[in-house]
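Numbering of the sequence shown is given in full-length UniProt numbering, commencing with residue 1 and proceeding in unit increments.
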Amino acid sequence: MQSPPTRVRILDAAHELMLTIGLARATTKEIAKAAGCSEAALYKHFASKEDLFVTVLKERLPKLGPLVEGLAAEPGERSVESNLTEIARQAALFYAESFPIAASLYADPQLKRRHDEALRELGAGPHKPIEWVDGYLRAERSAGRIREDADTYAAASLLLGACAQRAFAYDMTPSGEPPQTREEFARGVARALLRGIG
């Protein structure tokens, strides 16, 4: 059986290491070693560790950006509640899977500062999902499917803030699990948000 292409092996190794030991400790040297290639080969495919991190988010985690951008391009295909439920479902999953990767950055302020600067240069960062959902909600507002005076940025922030909070709020509880399934949570958040902007 043929081995996967180098880029795929690097992404798989990076995803696994970032999940298990955190972004701060997952060096390009360790990632290359786990992928069975040289560090030079890694840099042929990715300009930096931050570039690799962004690619892992885009290609190995739930696809939040394309989902929301697709909804913004085609408002009216499904109900706003259905769309918000799907956004909440995917965002909850995205944050649950991305938090363990990025959490270690907060232990090293200098590393986090460098990482943030690199993400800015790449046009990426944790603000992007808010911009995507805001864009979707503005499209729905223009289509007359939510209130004309709806604060779409605040609504996007509330929706994604709830999803992000769910990702780490229950780790220390006895069960380690949220009280609702992801589906129940997504439906409830969508309905609650829609009461304010619908």
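In this text, a Cβ means the ideal position worked out from N, Cα and C, and glycines have one as well.
Computed from a predicted model, the values in this text were never measured in an experiment.
- The alpha-carbon of L64 is positioned some 17 Å away from that of E81.
- About 6 Å separates the beta carbons of L105 and L23, which is inside the 8 Å limit, making them a contact pair.
- Just so you know, the alpha carbons of L42 and M1 end up roughly 23 Å apart.
- Between A72 and G125, the C-beta gap is not smaller than 7 Å, which leaves the two residues out of contact.
- Cβ atoms of L122 and E50 come within 8 Å of each other, at about 6 Å.
- In this structure, DSSP gives K63 a state outside helix and strand, which the three-state scheme calls coil.
- Taking 8 Å as the upper bound for CB-CB distance, L11 and I87 are not in contact here, some 25 Å apart.
- DSSP places Q110 within a helical segment (H, G or I) once states are collapsed to three.
- Taking 7 Å as the cut-off, the Cβ atoms of L52 and A102 do not count as close.
- The continuous alpha helix (DSSP H) containing L11 extends over residues T6 to I21.
- In this structure, the beta-carbon distance from R166 to A92 falls below 7 Å.
- Burial is judged here by how many other beta carbons sit within 10 angstroms of a residue's own beta carbon; A107 has fewer than 16 and is exposed.
- The shortest CA-to-CA distance from D151 to any of A35, L194, S175 and T20 is the one to L194.
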